[in-house]
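Colleague: Each residue of the sequence shown is one higher than the one before, counting from 1 in UniProt numbering.
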Amino acid sequence: MGFEIEGLDNLKDHLEDIADLEGGVPMEEMFPPEFMKMYTQFESFDQFLEESTWTVESQEDFEAIPESEFDDYVDQTTEFPQWQTMLETGGKKYLQRKLGN
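(1) Check whether the stretch 86 to 101 and the stretch 29 to 42 touch, using three or more Cβ-Cβ pairs below 8 Å as the test.
(2) Are the CB atoms of phenylalanine 62 and tryptophan 83 within a distance shorter than 7 Å?
(3) The alpha helix (DSSP H) with proline 33 in it runs from where to where?
(4) Have a look at glycine 100 and glutamine 59 and give me their C-alpha separation to the nearest angstrom.
(5) Consult DSSP for threonine 89 and reduce its assignment to one of helix, strand or coil.
(6) Taking DSSP as the reference, what is the three-state secondary structure of threonine 53?
(7) Short check: CB of threonine 78 to CB of threonine 40, under 7 Å?
(8) In terms of residue numbering, what span does the alpha helix (DSSP H) encompassing glutamate 67 cover?
(9) Return the chain-ordered list of same chain residues with a C-beta closer than 7 Å to the C-beta of phenylalanine 45, the five sequence neighbours on each side being excluded.
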């Protein structure tokens, strides 16, 4: 006697989406315009970076920004006290969008 549990394929797809996060998510997907308008004074993540004091043209440029200075910038221009909090919130909202919640 066999039975099927409905929704397992859907769950599998969602788990694969979560696993894909380890490979990285483009910042524009993590922080879409709706997110940026709600939590920051900017229209987009690109604008957020462009109006900073740093020139960010690559992942390496972004990673070279001193963490404490970037935390200060995030604190001054967003509703978040530091970059890690903004990143965690963006990640949660990204997953909610991917999971359809």
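Ideal Cβ placement from N, Cα and C applies to all residues, glycine included.
Modeller: Reading off the structure:
(1) Because the criterion of three Cβ pairs below 8 Å is met, the stretch 86 to 101 and the stretch 29 to 42 touch.
(2) no
(3) From DSSP, the alpha helix (DSSP H) with proline 33 extends over 33 to 39.
(4) For glycine 100 and glutamine 59, the distance between alpha carbons rounds to 29 Å.
(5) Threonine 89: helix per DSSP, three-state reduction.
(6) coil
(7) yes
(8) 67 to 77
(9) Met27, Glu28, Phe31, Met36
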